[in-house]
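These protein sequence lines map, in sequence, to chains A and B. When we follow the working numbering, the leftmost residue of the first sequence carries the number 1, and every step to the right adds one. When we follow the working numbering, the leftmost residue of the second sequence carries the number 1, and every step to the right adds one. Glycine included, each C-beta is placed from N, C-alpha and C at the ideal position. For reference, the structure discussed in these notes is given below.
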Amino acid sequence: MSAKLLDVRDLRVEFATDTGVVPAVAGLSFAIDAGETLVIVGESGSGKSVTSLAIMGLVPRPPGRIAGGEMLFRTRDGRVRDLAQTNAAEMQRLRGAEIAMIFQEPMSALNPVYTIGEQITETLLLHERLGKRAARARSIEMLTLLGIPEPARRFDAYPHQLSGGMRQRAMIAMALSCRPSLLIADEPTTALDVTVQAQILDLIRRLQKELGMAVIFITHNLGVAAEIADRILVMYAGQAVETGPTQAIFRETRMPYTTGLLASVPRLGMDRDAAPLQAIPGNVPSFSDLPPGCAFAPRCAHVRPTPCEARRPDLEPCGPEHAVRCARWREIAA
Amino acid sequence: MSNAATEAAAPARRPPGIARVLRRTPARIGLAITIVFLVLTVAAGWLAPYDPYDQDLSAALSPPSADHWFGADQYGRDMLSRVMHGTRTALLAVVVADGIALVAGCAMGLVAGFFGGRVDAVVMRLVDVLLAFPYLLLALIIVAALGPGLTNSMIAIGIVYTPQYARLIRGQVLAVRNADYVRAARALGAARTRIMLRHVLPNSFTPILVMATLQAGSVIVETAGLSFLGLGAQPPSPDWGALLADGQSYFLTAWWIATFPGLAIFVVVVGFNLLGDALRDFADPRRTIR
């Protein structure tokens, strides 16, 4: 039995489209401990959001389906269950209670016709045997925990009466009201101002410590990743291309793709005249015509006909807990 | 937390939209007509000068006068009293027929839009079949099958108007179904039926209220139409459609028997339409209201 909170092994998610079956996630493995923060980084279309939907049991089907792999999740009662095999009713019980999710758009992720109090209590009443009064008290407690001023008054406010930051807090309050052991945050700060972004990140970190929950944080912002991550998983075309502790990813970058991502982030103090900001040439390949070799080969500066274009490289260890999917990482590092 | 405090807007102050809408003359006229109509349905018994069924053969076919403002029919029944009492069947028709259409239509459209796929295809083809018939013809067929009478005619009209509600709410549901808050509710463990009724329905409902009001006028016309053809309310009950039918044969000699019920229908339908327009202006944020 695994001691991990969530152990994803060789996850495959496919979507049936008009042009054929598309493997949005193609053999992804990772694990996360209780209380740990894993940041999944990748461009749009790299499969990071689909991964989170798969964990939540919310892959729309049809057209999507979980084609293979295991997602072993340790529930609160100590049992380990495979989320890929769990039935819909059971998943529904787990969602919100043990695994919760927050979304990118705080503007539209709250229902405009109910007060935020009603929406937080709804989650509580769904999962816990609570009276209305107790639920209200718990909700106000959550709002307080999230640093919302005058929580008792905000309880009766409608979403349109709150600012973006406040709404994102209310959203987080909803997600955390049942004290889940795993929180999936799908780019929760993208739509916010930078200052508010920092506040929300601080908040998530603090709550994580207080509630002892694990966080899977999905982002394309490496700055955010550096801020919050214990470990980082870089995804490309539905696969992990580099994974390791945050320090290792930033200091001993092995995968040319990760290097490209890092180089494309502007930094304070950069000399504007020295060289233009580097972009990774090209786009994420379409899933329907992935190259037979390394998926990143068409955009890679270090590409060679062999071994790069010959066969898909494996994820191989390149340091303590550090793994990379690149056939030439040794030569490139040297 | 000081900047967080300023970040939050002051809650609770109702937007004055409805008041602004009602400041316009057509909206006021519509509201006034509707209120008079509703008052009459309740108070016709006290306000009407005569019993609507009382025959006074000495006054038969008497034209409008101080005694009989709207004249009297061929049995000497006071037309004003009969028209006033006619509001009751008209309101009943609105509540029952519009109600049937609204409930059935919403149920069908909601299920079709929310579940999509095969459910959607089956329900919406049924709706298309209903829509393929002219309204009155379809109502006639249904009444013919059920047998004439006020209740059956209201059921028929209800069925006839169902498809419009179904289509309207389906469109709304399709838009709302994929909203982020619906996904969020799913992610927090709400069941599908719960999401459908608690999250999708309330957010799809506003245009339905507008439609129900606009439709009230048409429903009155249609029930009156069925009564006129002798398939709805039966004599001697003072239904507007039946009154029209009654007066039709005397139209050249006693114009008032048919004219006043006709005018009543006209005024009430205009009233409902004006009110419906006002509600639509209120509900639709894209229309700017000054």
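- Nearest to A:Q168 by C-alpha distance, out of A:V194, A:T195, A:M107, is A:M107.
- For A:M101, the three-state secondary structure derived from DSSP is strand.
- Secondary structure within the region 89–160 of chain B: the alpha helix (DSSP H) runs of 4 or more consecutive residues, fully enclosed, are 99–115, 117–132, 135–146 (chain order).
- For A:N111, the C-beta contacts it makes with chain B under 9 Å involve A179, Y181, V182, A184, A185, R198, H199, P202, N203, in order along the chain.
- The C-beta of B:G158 has 16 or more other C-beta atoms within 10 Å across all chains shown, which makes the residue buried.
- As computed with DSSP, A:P23 is found in a beta bridge with A:E14.
- In this structure, the straight-line span from the alpha carbon of A:L261 to that of A:T253 is close to 10 Å.
- By the CB criterion at 8 Å, A:V39 and A:A237 fall outside the cutoff.
- Per DSSP, the beta bridge partners of A:D82 are A:L72.
- Setting aside the 5 residues that flank it on each side, A:G212 is surrounded in the same chain by A34, G35, each with a C-beta closer than 7 Å to its C-beta; the list follows chain order.
- The bridge partners DSSP lists for B:V21 come to none.
- Close to A:T123, with beta-carbon spacing below 9 Å, are these residues of chain B in chain order: A185, L188, G189, A190.
- In the structure shown, B:F205 adopts coil according to DSSP, grouped into three states.
- Close partners of A:R179 in chain B (Cβ separation under 9 Å) are lacking, with about 13 Å as the shortest Cβ gap.
- Chain B places a beta carbon closer than 8 Å to that of A:Q92, counting this residue as a contact.
- Taking a cut-off of 8 Å for Cβ pairs, the region 134–142 of chain A and the region 197–212 of chain B do not touch, as fewer than three such pairs fall below it.
- A straight line joining the alpha-carbon of B:A254 with that of B:L80 spans about 15 Å.
- Under the three-state reduction of DSSP output, A:F30 falls in the strand class.
- CA-to-CA, the gap between A:L162 and B:R170 works out to about 30 Å.
- A:A100 and A:I120 have their alpha carbons spaced roughly 13 Å apart.
- Here B:L130 really is in contact with B:L138; their C-beta atoms are around 7 Å apart, less than 8 Å.
- Interface residue (Cβ-Cβ distance to chain B less than 8 Å): A:L182 is not classified as such.
- Chain order gives the chain B residues near A:L126 as L188, G189, A190, A191, R194, where near means a beta carbon separation below 9 Å.
- Only M56, L58 from the region 50–83 of chain A bring a Cβ to less than 8 Å from some Cβ of chain B.
- Residue contact with chain B for A:E187: absent (no Cβ-Cβ distance below 8 Å to any residue of chain B).
- Three or more beta-carbon pairs separated by less than 8 Å link the region 148–167 of chain B to the region 94–103 of chain B, which places the two stretches in contact.
- Between B:L244 and B:A212 a beta carbon distance of about 25 Å is seen, past the 8 Å cut, so the two are scored as non-contacting.
- At a cut-off of 8 Å, the C-beta of A:R95 has a neighbouring C-beta in chain B.
- Taking CB atoms only, A:S108 has a neighbour in chain B less than 8 Å away.
- Its Cα nearest to that of B:H85, the residue B:Y53 stands out among B:Y53, B:I33, B:H68.
- For A:E242, there is no enclosing alpha helix (DSSP H); the residue is found in the beta strand (DSSP E) stretching over 239–245.
- In the DSSP assignment, A:R95 falls outside any alpha helix (DSSP H) and carries neither an H nor an E.
- For A:I232 and B:R177, the gap between their C-alpha atoms comes out near 34 Å.
- 8 Å or more divides the Cβ of A:A26 from the Cβ of A:F15.
- The residue from A:G42, A:G69, A:D230, A:V50 with its alpha-carbon nearest to that of A:K209 is A:D230.
- At a cut-off of 8 Å between beta-carbon atoms, A:M174 makes contact with chain B.
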